[in-house]
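Q: When the sequence shown is numbered by the working numbering, its final residue is 227 and no position is left out of the sequence of numbers. Ideal placement from N, C-alpha and C gives every residue a C-beta, glycine not left out.
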Amino acid sequence: MHDLAQIAFFERLTKEELSNLQALTQRKKYPAGTAVFFQDDPSDSMYLLLEGSAKVYQTSEDGKDRILKILKPGEAFGDLAMIEGRLRSASVQTLEDSEMLTLARADFQAFGDSHPAVLWELLATFAERLRLMNESILDLSFRDVPYRLLRVLQELVSHHGQGGPEGWRIWLPLTVRDLSSMVGANVETVGRLLDRYESDGLLKRDASHWIVPDPKALTRALENAAQ
1 MHDLAQIAFF
11 ERLTKEELSN
21 LQALTQRKKY
31 PAGTAVFFQD
41 DPSDSMYLLL
51 EGSAKVYQTS
61 EDGKDRILKI
71 LKPGEAFGDL
81 AMIEGRLRSA
91 SVQTLEDSEM
101 LTLARADFQA
111 FGDSHPAVLW
121 ELLATFAERL
131 RLMNESILDL
141 SFRDVPYRLL
151 RVLQELVSHH
161 GQGGPEGWRI
171 WLPLTVRDLS
181 SMVGANVETV
191 GRLLDRYESD
201 GLLKRDASHW
211 IVPDPKALTR
221 ALENAAQ
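1. To the nearest angstrom, how far is it from the Cα of R205 to the Cα of V176?
2. Going by beta carbon distance, what residues of the same chain come within less than 6 Å of M46, once the five residues before and after it are set aside?
3. Have a look at T14, R66 and S53 and flag the residue whose alpha-carbon is nearest the alpha-carbon of G33.
4. So is A76 buried or exposed if we call it buried at 16+ other beta carbons inside 10 Å?
5. Between E51 and the rest of its own chain, which residues show a CB-CB distance below 7 Å, the 5 nearest in sequence each way excluded?
6. For the beta strand (DSSP E) that G161 lies in, which residues bound it at each end?
7. According to DSSP, is W168 part of a helix, a strand, or is it coil?
8. Can you check which of these residues, Y147, K64, D214 and L174, is closest to A207 by C-alpha distance?
9. What span of residues does the beta strand (DSSP E) with R66 cover, start to end?
10. Look up M1 in the DSSP assignment and say whether it is helix, strand or coil.
11. By DSSP, does T219 sit in helix, in strand, or in coil?
12. Between Q58, R66, L71 and L87, which lies nearest to D40 when the distance is taken from Cα to Cα?
So this is what it looks like as C-alpha cells:
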C-alpha cells in the first residue's frame, strides 16, 4: 500500500499533516495505454502511482518523443507543475493497467493556506530534489551513447526487474524505439548496440521483454564505459 508518506516531496511532514493531506486525495484507475495528461495541458493535479507503470515523455516540435522516465508504484509525478501552476512540461501515459492517487491543485493550495509552516518544509525538499536532478543531468551530458544505454538498462533492472532462472526480466513492454527515446539517440545506433550486447551475453530478448542474465556483468560493462 502506497500513500503520500511514500512521496519524497512530503517526507518532512508530520503524520498529522500527512493524514490531513491524504484526506483530500482521490483514487483513479487507468487502462493500459491511457494518457493521464498531455504536454502543455493545465497542471491541475499531482499523482501518486499505486499500481502499474507509466512513461513520462516529451514531444519535440517535429513530433519526436523522448521518454524521460518510467514510473513504478510509489512514485509521484506532476507535483512541480502543479505547484508552479504552469502548463505541463511532459506527457504521461500508462504502460499497463494502473491505479493512481490524485491531489487537486485547489485542495493543495487551501491546505497550504491553513498550514503555512508546511510550505517551508516542502521548499527545502524541493531545493534538494532540484540539486540532485541537476547533478544527474550534468553527468549524462558528458557521456556517450553506450554509457547512457547501459545506465538506462541498469535502472530498468533495478526499478522494474524480477529475478528468475533466465536472469532479471524487465517487466515492461519496451521496444528498441522506446529505449532510443530514453537514451536520446537514434534507433539505428541503439539497435546496433543492443545487438552487440546480446552477442556479448549482457542482454537477451523474447517476444515482449528484455532479460539481463547477469546484472553484475552489466554493472562491469557500465563501469568500463565510464572510463
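A: To lay it out plainly:
1. By one-based count along the sequence shown, residue 205 stands at place 205. By one-based count along the sequence shown, residue 176 stands at place 176. The alpha-carbon atoms of R205 and V176 are separated by roughly 11 Å.
2. Within the sequence shown, residue 46 is the residue found at index 46, counting from 1. Hits under 6 Å: G78, D79, M82 and L103.
3. Taking the first residue of the sequence shown as position 1, residue 33 is located at position 33. For the residues T14, R66 and S53, the minimum Cα distance to G33 belongs to S53.
4. Looking up residue 76 in the sequence shown gives position 76. Label assigned to A76: buried.
5. In the sequence shown, the residue the question calls residue 51 occupies position 51. Closer than 7 Å at Cβ, skipping near neighbours: P73, S98 and E99.
6. Locating residue 161 in the sequence shown gives position 161, counting from the first residue. G161 to G164 is the span of the beta strand (DSSP E), which, as asked, contains G161.
7. As a working mapping, residue 168 is identified with position 168 in the sequence shown. Looking at W168 - three-state DSSP - the assignment turns out to be strand.
8. On the sequence shown, position 207 is the one that residue 207 refers to. Ranking Y147, K64, D214 and L174 by Cα distance to A207 puts L174 first.
9. As a working note, residue 66 is residue 66 in the sequence shown. D65 to L71 is the span of the beta strand (DSSP E), which, as asked, contains R66.
10. Locating residue 1 in the sequence shown gives position 1, counting from the first residue. Residue placement at M1 cannot be trusted, given a pLDDT of 47 that sits under 50; what the coordinates show is reported in the next sentence. In the three-state scheme derived from DSSP, where H, G and I count as helix and E and B as strand, M1 is classed as coil.
11. Along the sequence shown, one-based indexing puts residue 219 at 219. Helix at T219.
12. The residue labelled residue 40 in the question sits at position 40 within the sequence shown. Comparing Cα positions, the closest option is L87.
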